[in-house]
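Numbering (full-length UniProt numbering), first residue to last: 1 to 166. What follows is a set of notes on a single structure, which appears directly below.
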Amino acid sequence: MNLSTQISPISISNFFVNKAISEGVELTPMKLLKLVYLAHGWHLGLNNATPLISEAVQAWKFGPVINSVYHDFKSFKDSQITSLGFDPTTLTYPILSDTQKTPLLLKVWDVYKNWTGLELSALTHEDGSPWDTVWNKQGGKNKQGAIIPNDLIADYYMKKSGKSNG
Numbered sequence: 001m002n003l004s005t006q007i008s009p010i011s012i013s014n015f016f017v018n019k020a021i022s023e024g025v026e027l028t029p030m031k032l033l034k035l036v037y038l039a040h041g042w043h044l045g046l047n048n049a050t051p052l053i054s055e056a057v058q059a060w061k062f063g064p065v066i067n068s069v070y071h072d073f074k075s076f077k078d079s080q081i082t083s084l085g086f087d088p089t090t091l092t093y094p095i096l097s098d099t100q101k102t103p104l105l106l107k108v109w110d111v112y113k114n115w116t117g118l119e120l121s122a123l124t125h126e127d128g129s130p131w132d133t134v135w136n137k138q139g140g141k142n143k144q145g146a147i148i149p150n151d152l153i154a155d156y157y158m159k160k161s162g163k164s165n166g
């Protein structure tokens, strides 16, 4: 795994925050978490490549969570996010470079921007989803911060895209 090609989840979050603010689209912490997760999932499934984000996805009671994104934006609760996230590892409010603003991220935004956080949550909780597999079938509910493996996420989104593993 080449960490240099992975992106800080806060950078991806800030991409979605900027899009929401500029387009006047509702963006709550729950919706943001799901958008970052979906971008990561579709990246893995379509590209069968290095993970998009530099942090593991965890299975929590209410779905897949990227810990840094949750903690950075939880103060907004159920309200509109109005400011960028801060990355304590770089001491910045990271923004994606033009080369990192991939067509995939733009597509994820265009497809899911009008979904609510609850609708996206239901989508990520579907039977057989990576979260469902780890949380309900592999005992993740009995472990705090159970990791959803990237290969499980990749396989799921690869199947959803119609691609095969072989």
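Ideal Cβ placement from N, Cα and C applies to all residues, glycine included.
For this session: Going by CA-CA distance only, name the one from G85, P149, Y70 that's closest to N18.
Result: Closest by alpha carbon: G85.
Exercise. L27: which of S13, A39, N67, H125 sits nearest, CA to CA?
Worked result: Nearest of S13, A39, N67, H125 to L27, Cα basis: S13.
Problem set entry | Rounded separation between L91 and L118 - CA only | Computed Cα separation, rounded: 31 Å.
For this session: Output yes or no for whether 9 Å exceeds the beta carbon distance between W131 and P64.
Result: When the beta-carbon positions are compared, W131 and P64 come within less than 9 Å of each other.
For this session: With P64 as the anchor, note down where its beta strand (DSSP E) starts and where it stops.
Result: Run containing P64: 63 to 65, per the beta strand (DSSP E) assignment.
Problem set entry | CA-to-CA distance, N142 to K113, given in whole angstroms | Roughly 33 Å separates the two Cα atoms.
Exercise. What did DSSP end up calling D155 once you bin it into helix, strand or coil?
Worked result: DSSP places D155 in helix when its eight states are reduced to three.
Exercise. Taking the DSSP output, what are the residues bridged to I53?
Worked result: The bridge partners DSSP lists for I53 are I7.
For this session: Would you tell me roughly how many angstroms separate the C-alpha atoms of L44 and W109, rounded to the nearest one?
Result: Between the alpha carbons of L44 and W109 lies a gap of roughly 17 Å.
For this session: Note down the Cα distance separating V69 from V134, rounded to an integer number of angstroms.
Result: So the two alpha carbons sit approximately 20 Å from each other.
Problem set entry | Limits of the unbroken beta strand (DSSP E) element including I148 | Boundaries of the beta strand (DSSP E) harbouring I148: 146 to 148, taken from the DSSP string.
Exercise. Quick one: is the Cβ of Y93 within less than 8 Å of any heavy atom of the ligand NAD?
Worked result: As presented, the structure is devoid of all ligands, the ligand NAD included, so that no description of it is given.
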